[in-house]
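In this note's numbering, the protein residues as written are 8 to 141. Don't be surprised by glycine CBs; every beta carbon is placed ideally from N, CA and C.
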(Lines of atoms letter the chains of each structure in order from A; the text may use other names.)
(Lines give C-alpha, C1' and ligand atoms only; values in the text may rest on other atoms or scores of the structure.)
Protein backbone atom coordinates (compact mmCIF):
# COMPACT_ATOMS: atom_id res chain seq x y z
CA UNK A 8 0.00 0.00 0.00
CA UNK A 9 1.38 3.40 -0.95
CA UNK A 10 1.80 6.03 1.72
CA UNK A 11 -0.29 9.13 1.01
CA UNK A 12 1.52 12.39 0.27
CA UNK A 13 2.57 14.32 3.37
CA UNK A 14 -0.16 16.90 2.79
CA UNK A 15 -2.75 14.13 3.23
CA UNK A 16 -1.37 12.72 6.51
CA UNK A 17 -4.06 12.94 9.18
CA UNK A 18 -1.72 14.37 11.82
CA UNK A 19 1.42 16.47 11.96
CA UNK A 20 4.60 15.61 13.84
CA UNK A 21 7.35 18.16 14.26
CA UNK A 22 9.35 16.29 16.88
CA UNK A 23 9.67 12.55 17.33
CA UNK A 24 11.28 10.46 20.05
CA UNK A 25 11.38 6.70 19.61
CA UNK A 26 9.81 4.86 22.57
CA UNK A 27 11.18 1.47 21.44
CA UNK A 28 7.80 -0.23 21.15
CA UNK A 29 9.16 -2.23 18.20
CA UNK A 30 5.95 -1.99 16.21
CA UNK A 31 7.60 -0.30 13.23
CA UNK A 32 9.91 -3.33 12.97
CA UNK A 33 7.11 -5.89 12.72
CA UNK A 34 4.26 -6.72 10.39
CA UNK A 35 3.46 -6.86 6.71
CA UNK A 36 5.79 -4.13 5.50
CA UNK A 37 9.02 -4.98 3.73
CA UNK A 38 12.35 -3.26 4.36
CA UNK A 39 13.69 -2.69 0.86
CA UNK A 40 17.45 -2.22 0.85
CA UNK A 41 19.50 0.09 -1.33
CA UNK A 42 22.82 -1.14 -2.74
CA UNK A 43 24.57 1.04 -0.15
CA UNK A 44 22.45 -0.54 2.63
CA UNK A 45 23.46 -4.02 1.48
CA UNK A 46 27.15 -3.08 1.34
CA UNK A 47 27.08 -1.54 4.86
CA UNK A 48 25.17 -4.42 6.40
CA UNK A 49 27.34 -7.04 4.69
CA UNK A 50 30.53 -5.35 5.93
CA UNK A 51 29.06 -5.15 9.44
CA UNK A 52 28.26 -8.87 9.33
CA UNK A 53 31.73 -9.64 8.02
CA UNK A 54 30.29 -11.19 4.86
CA UNK A 55 30.78 -10.69 1.16
CA UNK A 56 27.78 -8.97 -0.42
CA UNK A 57 26.63 -12.16 -2.17
CA UNK A 58 26.79 -14.17 1.07
CA UNK A 59 24.93 -11.45 2.96
CA UNK A 60 22.19 -11.27 0.33
CA UNK A 61 21.79 -15.07 0.40
CA UNK A 62 21.55 -15.19 4.20
CA UNK A 63 19.65 -12.04 5.18
CA UNK A 64 17.48 -11.00 2.24
CA UNK A 65 14.81 -12.08 -0.21
CA UNK A 66 13.79 -10.62 -3.56
CA UNK A 67 10.29 -9.20 -4.11
CA UNK A 68 8.46 -9.68 -7.39
CA UNK A 69 9.38 -6.10 -8.35
CA UNK A 70 13.07 -6.97 -7.94
CA UNK A 71 13.63 -5.13 -4.64
CA UNK A 72 16.04 -6.78 -2.20
CA UNK A 73 14.37 -6.90 1.23
CA UNK A 74 15.42 -7.96 4.72
CA UNK A 75 14.10 -11.29 5.94
CA UNK A 76 12.08 -11.49 9.13
CA UNK A 77 12.63 -13.75 12.14
CA UNK A 78 9.91 -16.17 11.07
CA UNK A 79 7.76 -15.38 14.11
CA UNK A 80 4.01 -14.72 13.99
CA UNK A 81 4.51 -10.93 14.00
CA UNK A 82 7.15 -11.01 11.25
CA UNK A 83 9.74 -9.22 13.40
CA UNK A 84 12.73 -7.81 11.51
CA UNK A 85 15.76 -10.08 11.57
CA UNK A 86 17.62 -7.32 13.45
CA UNK A 87 14.98 -6.63 16.15
CA UNK A 88 16.05 -7.83 19.60
CA UNK A 89 13.68 -9.11 22.33
CA UNK A 90 14.21 -5.71 24.02
CA UNK A 91 12.85 -3.94 20.90
CA UNK A 92 16.21 -2.48 19.94
CA UNK A 93 17.90 -2.66 16.57
CA UNK A 94 21.10 -4.70 16.32
CA UNK A 95 22.26 -2.47 13.44
CA UNK A 96 20.88 0.87 14.62
CA UNK A 97 24.08 2.82 13.83
CA UNK A 98 24.01 1.59 10.20
CA UNK A 99 20.32 0.80 9.77
CA UNK A 100 18.75 0.71 6.31
CA UNK A 101 17.78 3.95 4.59
CA UNK A 102 14.08 3.04 4.78
CA UNK A 103 14.33 2.65 8.56
CA UNK A 104 16.10 6.01 8.92
CA UNK A 105 13.12 7.67 7.20
CA UNK A 106 10.48 6.44 9.66
CA UNK A 107 8.31 8.28 10.71
CA UNK A 108 9.34 11.70 9.41
CA UNK A 109 9.80 10.81 5.71
CA UNK A 110 7.26 7.99 5.46
CA UNK A 111 4.79 6.10 7.65
CA UNK A 112 2.03 3.55 7.09
CA UNK A 113 -1.58 4.62 7.37
CA UNK A 114 -1.95 2.91 10.78
CA UNK A 115 1.23 4.44 12.28
CA UNK A 116 -0.69 6.52 14.83
CA UNK A 117 -2.42 3.36 16.06
CA UNK A 118 0.78 1.36 16.61
CA UNK A 119 3.72 3.74 17.15
CA UNK A 120 4.31 4.74 20.77
CA UNK A 121 6.48 7.71 19.75
CA UNK A 122 3.91 9.16 17.37
CA UNK A 123 1.16 8.60 19.94
CA UNK A 124 3.19 10.42 22.61
CA UNK A 125 3.87 13.33 20.22
CA UNK A 126 0.13 13.55 19.57
CA UNK A 127 -0.67 13.45 23.31
CA UNK A 128 -2.17 9.95 23.13
CA UNK A 129 -1.55 6.99 25.47
CA UNK A 130 0.77 4.09 24.70
CA UNK A 131 -0.61 1.91 21.86
CA UNK A 132 -2.85 -0.94 22.94
CA UNK A 133 -2.39 -3.03 19.82
CA UNK A 134 0.73 -4.58 18.43
CA UNK A 135 1.58 -4.69 14.77
CA UNK A 136 -0.20 -7.66 13.29
CA UNK A 137 0.03 -9.19 9.86
CA UNK A 138 -2.35 -10.61 7.32
CA UNK A 139 -0.93 -14.09 7.74
CA UNK A 140 -1.75 -14.45 11.43
CA UNK A 141 -4.29 -11.71 12.17
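**Item:** Cβ-based burial, residue 45 [other Cβ within 10 Å; buried from 16]
**Value:** buried
**C-beta atoms of residue 73 and residue 40 nearer than 9 Å** = yes
**Message:** Assuming residue 73 is part of the beta strand (DSSP E), what are its boundary residues?
**Reply:** 72 to 74
**Prompt:** Can you tell me where the alpha helix (DSSP H) with residue 101 in it begins and where it stops?
**Reply:** 101 to 104
**Message:** Please classify residue 64 as buried or exposed, where buried requires at least 16 neighbouring CB atoms within 10 angstroms.
**Reply:** buried
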